[in-house]
């Protein structure tokens, strides 16, 4: 078997394992008890008649719900299944395994209790109403896998109307982790963010959010390019002008990017640029090796489509890429939202932040980038891995401190206090999982 065949077989292995193990475990998360049950007499404390006392207290002071219930640490993972990973519109039932996986990551990496909420409607107003109606039982909402352009309106509306923080991970989470990886990749090749040109391949929620954040921290839009299924964004894109009320950011990018007024598709967008950030259709073959060769010296390639990158990492390397990142855990440089959302929500929940700001995303990205720098950057190491669990409390503390600084926190904490609290919560989740595995309460994989 050739090296390429070995790598391809390795890339296909997770899907084979998933089909074997999903029916074995029949779900990835379950509810378990947080309080003791010494005997049945305790039911009178945790349920009726004793439970009436905290109910009355909360009725008198609604903020006490955070002290007397699980609301302080619980997040809804809400989706209609209209744009799942690289699978497209597969619906809420088929999307449930993804949302369960998200809940697993919330718990194991962030100590956050999360539960999938699958919404059987693609109507933006119904989705908004559903989330608003669910607020009493959750401390935050993670929107997931919503199709464009409705995802933008849903997020913006909920951020205005909701009493709890609402976040769209496909937008904010992707942008946060991508920025962290990009900052370190540029350090390795000795280039500056405000001087490089970037091609954004794909103009869905992920790349729109990436572009917004990357431009906000210093990249020059005039030296950057963005493509969608119709080609390059430019001032002559009348199709986007006609729908600019829906595609607000896309039309804005038509005006602010591509100062050279290039036409064409991906090949033309990559010509001469320093960086390509791709969140488009699953590959391989979406990006061709010869297009990598047309980029500037020491090109940086982020091929982040799931479940298969736009170009295989080894093909990009052979074509001259200095650094290659993907969204997969089985290749170096995984640019994966899992490095972001568990810790970000840990910090957000611990200070009862009312919202999640751009500054909080930047604080998280900086914490990620800084830890990788401390460990020692290499072309195959631009971000911490999920095995390096110490990054999560540090990231949570950075987010919490930024929330306090910006005045959006309901609880005032210091960086050091949150670092200790987040570390304790995350360690507890990991140790609980290990204890259940050791005791056989989580069965060993066959």
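Numbering (the numbering used here), first residue to last: 2 to 447.
Every residue gets a Cβ at the ideal spot worked out from N, C-alpha and C, and that includes glycine.
Counted within 10 angstroms of its Cβ, other Cβ atoms place residue i as buried (16 or more) or exposed
i: residue 171; result: buried
i: residue 26; result: exposed
i: residue 394; result: buried
i: residue 244; result: exposed
i: residue 446; result: exposed
i: residue 72; result: buried
i: residue 112; result: buried
i: residue 440; result: exposed
i: residue 44; result: exposed
i: residue 109; result: buried
i: residue 341; result: buried
i: residue 41; result: exposed
i: residue 330; result: exposed
i: residue 229; result: buried
i: residue 422; result: buried
i: residue 36; result: exposed
i: residue 106; result: buried
i: residue 246; result: exposed
i: residue 241; result: buried
i: residue 61; result: exposed
Residue i versus residue j: straight-line alpha-carbon distance, rounded
i: residue 420; j: residue 348; result: 9 Å
i: residue 414; j: residue 167; result: 21 Å
i: residue 39; j: residue 50; result: 17 Å
i: residue 56; j: residue 225; result: 55 Å
i: residue 254; j: residue 213; result: 9 Å
i: residue 143; j: residue 173; result: 10 Å
i: residue 96; j: residue 87; result: 11 Å
i: residue 32; j: residue 81; result: 23 Å
i: residue 22; j: residue 16; result: 10 Å
i: residue 206; j: residue 59; result: 38 Å
i: residue 217; j: residue 381; result: 27 Å
i: residue 13; j: residue 313; result: 12 Å
i: residue 257; j: residue 248; result: 14 Å
i: residue 153; j: residue 398; result: 28 Å
i: residue 10; j: residue 319; result: 19 Å
i: residue 351; j: residue 438; result: 28 Å
i: residue 150; j: residue 433; result: 40 Å
i: residue 409; j: residue 374; result: 29 Å
i: residue 424; j: residue 396; result: 10 Å
i: residue 183; j: residue 411; result: 32 Å
i: residue 294; j: residue 402; result: 43 Å
i: residue 54; j: residue 83; result: 43 Å
i: residue 442; j: residue 28; result: 14 Å
i: residue 126; j: residue 158; result: 10 Å
Cβ separation of residue i and residue j, assumed to be a contact under 8 Å, to the nearest whole Å
i: residue 292; j: residue 324; result: About 16 Å separates the two Cβ atoms, so there is no contact after all.
i: residue 200; j: residue 304; result: With a Cβ gap of about 12 Å, residue 200 and residue 304 do not count as contacting.
i: residue 300; j: residue 321; result: 6 Å
i: residue 78; j: residue 47; result: About 26 Å; that fails the 8 Å criterion.
i: residue 197; j: residue 277; result: Rounded, the Cβ-Cβ distance is 11 Å, inconsistent with contact.
i: residue 366; j: residue 177; result: 5 Å
i: residue 378; j: residue 189; result: 5 Å
Residue closest to residue i, alpha-carbon to alpha-carbon, out of the options
i: residue 102; options: 122, 83, 338, 40; result: 338
i: residue 120; options: 340, 94, 108, 138; result: 94
i: residue 251; options: 238, 263, 262, 68; result: 238
i: residue 195; options: 222, 85, 144; result: 222
i: residue 234; options: 218, 207, 203, 214; result: 203
i: residue 280; options: 345, 354, 294, 179; result: 179
i: residue 372; options: 297, 82, 212, 392; result: 392
i: residue 404; options: 441, 356, 431, 377; result: 356
i: residue 389; options: 308, 219, 335, 417; result: 335
i: residue 386; options: 365, 122, 333; result: 333
i: residue 141; options: 14, 149, 160; result: 160
i: residue 430; options: 398, 343, 374, 295; result: 343
i: residue 114; options: 74, 124, 100; result: 74
i: residue 156; options: 132, 189, 190; result: 132
i: residue 193; options: 211, 220, 177, 175; result: 220
i: residue 426; options: 346, 379, 20; result: 346
i: residue 215; options: 83, 400, 362, 65; result: 362
i: residue 99; options: 63, 62, 30; result: 30
i: residue 358; options: 376, 326, 400, 368; result: 400
Residue j beta carbon less than 8 Å from that of residue i
i: residue 104; j: residue 383; result: no
i: residue 287; j: residue 316; result: no
i: residue 139; j: residue 52; result: no
i: residue 165; j: residue 136; result: yes
i: residue 262; j: residue 232; result: no
i: residue 85; j: residue 146; result: yes
i: residue 307; j: residue 273; result: no
i: residue 360; j: residue 407; result: yes
i: residue 428; j: residue 67; result: no
i: residue 122; j: residue 128; result: yes
i: residue 181; j: residue 364; result: no
i: residue 163; j: residue 90; result: no
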